[in-house]
Every structure is written in structure tokens, then in C-alpha cells.
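Visitor: Take 337 as the starting number for the sequence shown in my numbering and just add one per residue. The beta carbon of each residue, even a glycine, is placed where N, CA and C say it ideally should be. Below are the C-alpha cells for one structure; questions will follow.
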Amino acid sequence: MTAFAGTPTLPEDQLVLWRTLFPLFRALARFLAPWRLEGAERIPKRGGYILVSNHINWKDPPWIEFALGRAIRFMAKRELFQIPVIGFALRAIGAFPVRRGEADRAALQMALKVLEAGHPAGFFPEGHRSESGALIRGHPGIALIARRSNAVIVPIAVIGTPRARLGAFWRRDILLRVGEPFHAADLGVDMANAQGLTDAIMVRIAQMLPSEMRGAYSTRDSREPWSIRGQDDFVEVVAPTDFSSADRLFGEWLAERRLSRSDLRDDDIRIDIVRMQDGRSAKRYRVWKSFAPHERGSR
Numbered sequence: 337m338t339a340f341a342g343t344p345t346l347p348e349d350q351l352v353l354w355r356t357l358f359p360l361f362r363a364l365a366r367f368l369a370p371w372r373l374e375g376a377e378r379i380p381k382r383g384g385y386i387l388v389s390n391h392i393n394w395k396d397p398p399w400i401e402f403a404l405g406r407a408i409r410f411m412a413k414r415e416l417f418q419i420p421v422i423g424f425a426l427r428a429i430g431a432f433p434v435r436r437g438e439a440d441r442a443a444l445q446m447a448l449k450v451l452e453a454g455h456p457a458g459f460f461p462e463g464h465r466s467e468s469g470a471l472i473r474g475h476p477g478i479a480l481i482a483r484r485s486n487a488v489i490v491p492i493a494v495i496g497t498p499r500a501r502l503g504a505f506w507r508r509d510i511l512l513r514v515g516e517p518f519h520a521a522d523l524g525v526d527m528a529n530a531q532g533l534t535d536a537i538m539v540r541i542a543q544m545l546p547s548e549m550r551g552a553y554s555t556r557d558s559r560e561p562w563s564i565r566g567q568d569d570f571v572e573v574v575a576p577t578d579f580s581s582a583d584r585l586f587g588e589w590l591a592e593r594r595l596s597r598s599d600l601r602d603d604d605i606r607i608d609i610v611r612m613q614d615g616r617s618a619k620r621y622r623v624w625k626s627f628a629p630h631e632r633g634s635r
């Protein structure tokens with residue numbers, strides 16, 4: 337029985353070659369296109385987890401594996417498995433196919449089976465590479481997997497793979513940022529709302545990307561459940577689906593900068609309720625850079 341029909345088989349037996357050659361390929365990749373990895377301590381040491389990432393280049397899947405030093409069972413579009421060389425390579429690394437544009441129960445079963453077996457499974461919720469490098473709105477399939485498995489979710493932001501030239505070993509253009517692991521239930525979003533849950537997961541990736549790469553998750557007046565604007569001088573956090581989500585998200589933003597609410601002056605922060613274009617109310621935080629304890633200049 338193949339992974340293309342019926343009950344899928346776990347691609348564990350396909351990883352023998354990959355495990356054998358992985359150290360060699362990893363060393364070669366580090367020489368051809370070195371990478372930087374931030375937040376490596378956040379990667380679970382054992383067990384299955386859902387890895388979610390933005391997708392901007394063909395190098396994303398292998399370089400994620402090389403950086404993490406562990407085989408990740410990536411979900412990839414079915415058409416790639418029909419190309420002889422690429423299909424062989426995908427099977428060798430334990431990837432499994434999905435039929436895009438339709439509800440693929442076999443792919444869902446395979447993802448759940450991988451996670452239940454204690455292996456990490458990798459997903460690009462956007463569904464395909466972003467030509468511009470900016471985030472595309474995620475597809476709800478990842479929410480179904482997160483909901484059914486209740487597995488921990490590890491977000492990773494990939495930056496620089498399109499401009500990384502193979503052979504330019506003196507450059508380190510590729511940056512991988514690992515976010516805090518979480519469960520779907522931690523997001524404060526209605527679990528029955530697959531698209532809303534997907535958007536909330538995507539925002540965790542967007543938080544780690546430069547503002548120009550946040551794409552569908554960068555603007556305030558959008559249909560996404562959360563949005564963040566600004567990075568250094570100004571930040572705006574909006575959460576329309578659940579006001580407590582805005583509180584938590586803003587708390588995380590402060591914690592990343594080793595700050596707390598006690599560091600804020602009254603005129604450093606503005607909190608109000610705004611109305612989104614789709615009619616929903618949202619809680620909004622607006623904070624200026626002058627709030628930093630060591631930087632109390634006027635705005």
C-alpha cells in the first residue's frame with residue numbers, strides 16, 4: 337500500500353539512506369550555504385511536534401533539517417513525487433504527499449500517524465512558495481492537524497534562502513528563527529474556526545519576520561484574527577477574536593525585550609477598542625520606543 341491511496345504507510349523505512357548520508361550532506365550544506373539558527377533551545381529534544389514555517393525558496397525544507405540536525409517529515413505537493421529525481425529525494429527524507437486544493441484524508445492520516453509515532457512533521461501552511469517573500473494567508477489544513485493531534489507546535493521563520501548562493505561559504509545569508517512552542521488551545525481562538533486558528537498560527541511566524549515579509553499578516557485593517565505592526569520604534573498589537581489574546585500577545589512582545597508593564601509610563605502606551613473593516617471589534621495596543629527604561633526621550 338502506498339502513501340498515495342488507502343491507509344498511508346509511515347515513511348520510517350525510507351529514512352535509512354537519509355540517516356546514513358545526513359552528516360555528509362549537512363557538512364556540505366554548511367560549506368555551500370552556511371546558516372544561523374536562533375532559538376535552538378526551543379526545539380523539543382524528543383517526541384513528535386508540528387513544525388510550521390514560511391516558504392520562500394526550494395532550500396527551505398533541507399536547510400531546516402540541516403539546521404535542526406534531525407529528520408523532519410515534510411508534507412509536499414503530490415506532483416513533486418511524480419518527478420523521478422525529486423520524488424526519489426523526497427521519499428528518501430521521509431516526506432509525504434498531499435493533493436492540493438482538496439481535502440486529502442490520506443495526507444491528514446499520514447500527518448497524524450507521523451506525530452503519533454513520535455516524529456516531527458513539517459508544514460508550510462501557505463501551500464506554496466511566496467514569490468515576493470511576503471507571507472501568504474495560510475490554508476486551514478494545518479488547523480485540522482493541530483486540532484486532531486493536540487501536538488505541540490513549533491514556529492520557524494526562514495529568512496534569506498532566496499539570496500543565499502551555493503558556494504558563497506563566507507556569507508551567512510540564511511537565518512532560521514525558532515519561536516516558543518505552543519499548543520493550539522493556547523492561542524485563545526475558537527478551535528472550531530479552522531481558518532481563524534490557522535491565522536493565529538501564522539501570526540506566530542509573522543512575529544519573527546522582518547516587517548516587509550509579514551505580508552497578509554502585517555496590516556491592522558485585515559481579516560486576520562491578530563496583527564502586529566512595527567518592530568523597533570513603534571508597535572501596534574490588535575486581536576479582534578478575543579481581547580485576552582491581545583493582552584497575552586502584548587505580554588509576549590514585552591517579554592522578548594526583557595520588559596514588563598511596570599516599565600511603561602502612561603504616555604508611552606495607548607490602549608483602545610477599534611472596529612475592523614469586517615465589523616468586528618478589536619483591542620489595540622500602541623506603544624512607542626521611548627518607553628524603554630534606558631531611553632526616556634520624547635516622541
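So what does K413 bridge to, in DSSP terms?
Guide: In the DSSP output, where bridge partners are listed per residue, K413 has V434.
Visitor: Evaluate contact between the region 359-371 and the region 425-444, counting only Cβ atoms and requiring at least three cross-stretch pairs below 8 Å.
Guide: No: the two stretches stay apart, fewer than three of their Cβ pairs being nearer than 8 Å.
Visitor: Apply the 10 Å Cβ neighbour rule to V421 and answer buried if 16 or more other Cβ atoms are within range, or exposed otherwise.
Guide: Flag for V421 reads exposed.
Visitor: Answer with buried or exposed for K381, where buried requires no fewer than 16 other C-beta atoms within 10 angstroms of its C-beta.
Guide: Flag for K381 reads exposed.
Visitor: Assess, as a yes-or-no matter, whether the region 447-463 is touched by the region 473-484 under the definition of 3 or more beta carbon pairs within less than 8 Å.
Guide: At 8 Å Cβ cutoff, the stretches touch.
Visitor: In three-state DSSP terms, what is L387?
Guide: Strand, per DSSP.
Visitor: If you compare alpha carbons, which of P476, S596, A470 and R409 is closest to L545?
Guide: Checking every option, the nearest Cα to that of L545 belongs to A470.
Visitor: Applying the 10 Å Cβ sphere with the 16-neighbour rule, what's the burial state of F462?
Guide: Here residue 462 turns out to be Glu, not Phe, going by the sequence shown. E462 should be labelled buried.
Visitor: Roughly how far, in whole angstroms, is the beta-carbon of A493 from the beta-carbon of I541, given that I think they are within contact range, below 8 Å?
Guide: Correct: roughly 6 Å between the Cβ atoms.
Visitor: On the DSSP letters alone, give me the boundaries of the beta strand (DSSP E) that G458 sits inside.
Guide: First-last of the beta strand (DSSP E) with G458: A457 to F459.
Visitor: Is A442 near the ligand COA, going by C-beta to nearest heavy atom under 7 Å?
Guide: This structure lacks the ligand COA; in fact it carries no ligand of any kind.
Visitor: Kindly indicate which three-state DSSP category V490 falls into: helix, strand or coil?
Guide: Strand.
Visitor: Could you name the residues of the same chain whose beta carbon sits closer than 7 Å to that of D440, not counting the 5 residues immediately before and after it, in chain order?
Guide: Excluding positions up to five away in sequence, the list reads V434.
Visitor: Take V610 and list the residues in its own chain whose beta-carbon comes closer than 6 Å to its own, dropping the five residues that flank it on each side.
Guide: Excluding positions up to five away in sequence, the list reads A618 and R620.
Visitor: In the DSSP assignment, what are the bridge partners of S371?
Guide: It should be pointed out that residue 371 corresponds to Trp in this sequence rather than to Ser. Per DSSP, I510.
Visitor: Counting only the same chain and skipping the five closest in sequence on each side, list residues whose C-beta sits under 6 Å from that of R499.
Guide: Only D509 meet the Cβ criterion.
Visitor: Just verifying my parser: in three-state terms, what is the DSSP assignment at I422?
Guide: Helix, per DSSP.
Visitor: Let me check understanding here. Comparing Cα to Cα, which of A552, M411 and F417 lies closest to Q445?
Guide: Comparing Cα positions, the closest option is M411.
Visitor: Measure the Cβ-Cβ separation of M538 and G474 and say whether it is below 8 Å.
Guide: In contact: M538 and G474 (Cβ atoms closer than 8 Å).
Visitor: Does the distance from the C-beta atom of L512 to that of W394 stay below 8 Å?
Guide: The answer is no: Cβ separation not under 8 Å.
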